[in-house]
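Structure, as structure tokens:
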Amino acid sequence: MSLSEYIDYPRWPQLAEESLRIDVRLPEKVKVGEKELTYSKKFRGIVISGMGGSGIAGDIVRDTLQDMIDIPIIVNKDLHLPSYVNDDYLVVAISYSGNTAETIRCYESCIEKGIPVITISTGGKLRELAERNGTPHITIPKATAPRYGLPCLLYSCLRAVGKALSIEDKVLSLAENSINYMRKALDDYPTRFKALADKLANKFTMIYTPSPIASLGVRFKNDMNENAKQPVAVCIIPESEHNDLAIHIREIENLEILVVDAPSIRNTEHGVHVTALMKVLEELGRRFHKIELEGDSRLSEIVYGVTGLGMLTIDIARIVGVDPVKIEAIDRVKKYVTSRS
Ligand code: F6R
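Taken in order, the sequence shown gives residues 7 to 347; the numbers are from our numbering.
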């Protein structure tokens, strides 16, 4: 398959650069009806609220920034915000289409409670509401479907959170560097990832991912589900060493195992856990595929993995004979929910 057949992947670096350039202007205050939303303060936490291909941008932003800052980044993939979220928090409501019911609901509860909120979308209802209320909005470039627009969602969200926390320069340099690893993954794809397609086609996959880069495992699961229509279990190390590892004393049919390793993990306590897990799998006689990431930061590693593994799921879709773009069951449930609400 030539690179041009991987849907939007060949233009990911360009989409990433374009999205990173979008300037984010944060007002000091916005008055909506009786409520005043204050953006110029030290926040107690950041909530990134979104679903599926949009929500995953929040997971990656959390993995990237959480250890660099002194407040929590909470990823909310739900209809409601956690009850402790008040006007001391900043909410980023992110939806590629701008029409996802759960994300719109969270935006509306920010307005009701006077919680400062930034929206990110290609347009849709979310942008309409933001324009009506005068809350900051970022319009991102379009792709074939939300999940293929990850660079737009991720880099605009990183920039917005960087701005809100006044660490914009640091975030910009991390982000710019990571785009080099996105390019590298596109180049490395045929030699580093593609051979796995035949092995994983029509199989159930367990992906073991160390917790500091857990978002990569979640994104792989989502891509495999939506593109290849195959099931995946995300096993986060070290938690998985306390439960799902137990199953491997049995030989399970049609199961493939991936273990993710990364430079930022090696020589750390997490690295010890990854090594221990691989050792035990070997002792039990279980075959696994090691995914060795490349990168000079957590963000670069995740971006490298997300690009290579994402393309892999497109190859798997073609091998198993499904259309990677169509997600009929998801469209049906959205229609059903919309007609009842
Ligand atoms: C489709 C996809 C989905 C959507 C999700 C939310 O490509 O990735 O997981 O991202 O249904 O929709 P949006 O992103 O428009 O809020």
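Virtual Cβ for every residue (Gly too), placed ideally from N, Cα, C.
Where residue i sits in the DSSP three-state scheme
| i | result |
| --- | --- |
| residue 110 | helix |
| residue 145 | strand |
| residue 267 | strand |
| residue 95 | strand |
| residue 224 | helix |
| residue 261 | strand |
| residue 295 | strand |
| residue 139 | helix |
| residue 28 | coil |
| residue 331 | coil |
| residue 79 | strand |
| residue 13 | coil |
| residue 47 | coil |
heavy atom of the ligand F6R below 8 angstroms from residue i C-beta
| i | result |
| --- | --- |
| residue 153 | yes |
| residue 102 | yes |
| residue 249 | no |
| residue 109 | yes |
| residue 274 | no |
| residue 58 | yes |
| residue 105 | yes |
| residue 228 | yes |
| residue 334 | no |
| residue 118 | no |
| residue 134 | no |
| residue 262 | no |
| residue 114 | no |
| residue 232 | yes |
Span of the alpha helix (DSSP H), counted from its first residue to its last, around residue i
| i | result |
| --- | --- |
| residue 55 | Unbroken run through residue 55 is the beta strand (DSSP E), 51 to 55; no alpha helix (DSSP H). |
| residue 318 | 304 to 326 |
| residue 345 | 334 to 346 |
| residue 235 | Element bounds for residue 235: n/a, residue is neither H nor E. |
| residue 186 | 174 to 198 |
| residue 66 | 58 to 71 |
| residue 169 | 156 to 170 |
| residue 287 | 275 to 289 |
C-beta contact flag for residue i and residue j at 9 angstroms
| i | j | result |
| --- | --- | --- |
| residue 117 | residue 39 | yes |
| residue 54 | residue 330 | no |
| residue 114 | residue 57 | no |
| residue 237 | residue 210 | yes |
| residue 188 | residue 63 | no |
| residue 375 | residue 230 | No answer is possible for residue 375: it lies beyond the span of the chain, which begins at 7 and ends at 347. |
| residue 271 | residue 66 | no |
| residue 91 | residue 75 | no |
| residue 111 | residue 86 | yes |
| residue 164 | residue 222 | no |
| residue 265 | residue 287 | yes |
| residue 206 | residue 312 | no |
| residue 60 | residue 102 | yes |
| residue 146 | residue 43 | no |
| residue 226 | residue 319 | yes |
| residue 95 | residue 50 | yes |
N- and C-terminal bounds of the beta strand (DSSP E) containing residue i
| i | result |
| --- | --- |
| residue 212 | 210 to 216 |
| residue 43 | 41 to 44 |
| residue 123 | 123 to 127 |
Near the ligand ATP: residue i beta-carbon under 8 angstroms from a heavy atom
| i | result |
| --- | --- |
| residue 340 | Looking at this structure, you won't find the ligand ATP anywhere; what it does contain is the ligand F6R. |
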